[in-house]
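Peer 1: Its first residue numbered 410, the sequence shown is counted upward by one per residue in my numbering.
Glycine included, C-beta positions come from ideal geometry on N, C-alpha and C.
In this text the structure is predicted, and so the values were computed from the model without any measurement.
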Amino acid sequence: MLKIEKLSVRYQGNQSSSLEDFDLTLRSGEIICIVGESGSGKSTVLKAILGALPKETSITGEIQFEGGALLQQTVSQWQQMRGTAFSMIFQDSNASLNPIRKIGRQYEEYILQHKEISREMARQQAEEMLTKMQLRDAHSIMNSYPHQLSGGMCQRVGIAMAMTFNSKLLLADEPTSALDVVTQEQIVDELLRVRTQFNTAIILVTHNVAMAAYMADQLIVMEKGRIVNQGSPLEVINTPKSSYTKRLLASVPELEGEAYV
410 MLKIEKLSVR
420 YQGNQSSSLE
430 DFDLTLRSGE
440 IICIVGESGS
450 GKSTVLKAIL
460 GALPKETSIT
470 GEIQFEGGAL
480 LQQTVSQWQQ
490 MRGTAFSMIF
500 QDSNASLNPI
510 RKIGRQYEEY
520 ILQHKEISRE
530 MARQQAEEML
540 TKMQLRDAHS
550 IMNSYPHQLS
560 GGMCQRVGIA
570 MAMTFNSKLL
580 LADEPTSALD
590 VVTQEQIVDE
600 LLRVRTQFNT
610 AIILVTHNVA
620 MAAYMADQLI
630 VMEKGRIVNQ
640 GSPLEVINTP
650 KSSYTKRLLA
660 SVPELEGEAY
670 V
């Protein structure tokens, strides 16, 4: 479904590439987790897929999505695909929502940007999707402001919006980092359920190697814009190829001698 070959990205003014020779192959319903420290190039991968890199950025390589070359698309073609063919879940959905507008109004306008239907039908579709995301009182949520919802509820709203049009690819940038541990587990379970229910492929960027190992079909470890380890979670954990991967795995907390990865 998605194939990235030899992707390199250099931002204007940078001496070195932020991303270099990045390769990835993703199938429908598969989850790939990318881990690494800040500045390792993880989020640059997502921006390249979304077509959200600055205009002055130098990009080489190929990104193929369902047989089409994404890097050859026009701005209008990118806009048509964002939110429909592929969607984004942000690090803090609460911060990405407009704080002075009710959830319902924002959700309706999101749908109307991509679909020519009445506002009433858009509202009905939004409430149905919130219910699918296990938010029990969808009507009440639609009439709430973001600050009236918990962080976990806002994140579920973000997932619901991203999956409104049954996106084939879901991009998640640190979707649990702003949440407490219990809510993190709930969001992870929700993403796994989305994969199962919609056969959606997911690329998830995170610092949390334990969570990545739990969720991923493929695990990618990045350092300074390059892939230093790639394979199944068991392959990466049992036979780490780089000293950075070894240090990353060694940093995972242990309890009574058992590492949580």
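Check Met410 in the structure and name its three-state DSSP category.
Peer 2: coil
Peer 1: Kindly indicate which residue of Arg419, Gly445, Glu414, Met624 has the alpha-carbon position closest to the one of Ser660.
Peer 2: Out of Arg419, Gly445, Glu414, Met624, Gly445 has the C-alpha closest to the C-alpha of Ser660.
Peer 1: What whole-angstrom Cβ distance do Cys442 and Asn503 have, given they're in contact under 8 Å?
Peer 2: With a Cβ gap of about 23 Å, Cys442 and Asn503 do not count as contacting.
Peer 1: Out of curiosity, what's the CA-to-CA distance linking Gln481 and Trp487?
Peer 2: 10 Å
Peer 1: Got a sec? Which residues, its chain only, sit under 6 Å from Arg532 by beta carbon, not counting five neighbours each side?
Peer 2: Only Glu517 meet the Cβ criterion.
Peer 1: Rounded to whole angstroms, what's the CA-CA distance from Glu665 to Lys655? Just pull it up for me.
Peer 2: Unreliable placement is indicated for Glu665, whose pLDDT of 47 sits below 50; the coordinate value is still reported in the next sentence. Straight-line Cα distance between these residues: approximately 20 Å.
Peer 1: Using alpha carbons as the reference points, say which of Arg491, Ser467, Ser447 lies closest to Ala571.
Peer 2: Arg491
Peer 1: Roughly how many angstroms separate the alpha carbons of Ala622 and Pro642, rounded to a whole number?
Peer 2: 5 Å
Peer 1: Which first and last residues belong to the beta strand (DSSP E) in which Leu600 is found?
Peer 2: No beta strand (DSSP E) contains Leu600, which is instead part of the alpha helix (DSSP H) from 590-607.
Peer 1: Which complete alpha helix (DSSP H) runs does the region 433-521 hold, if anything under 4 residues is left out?
Peer 2: Runs found: 451-459, 484-490, 502-505.
Peer 1: Between which two residues does the beta strand (DSSP E) harbouring Ala581 extend?
Peer 2: 578-582
Peer 1: In whole angstroms, give me the CA-to-CA distance for Arg635 and Glu529.
Peer 2: 48 Å
Peer 1: Mapping the DSSP letters down to three states, classify Thr615 as helix, strand or coil.
Peer 2: strand
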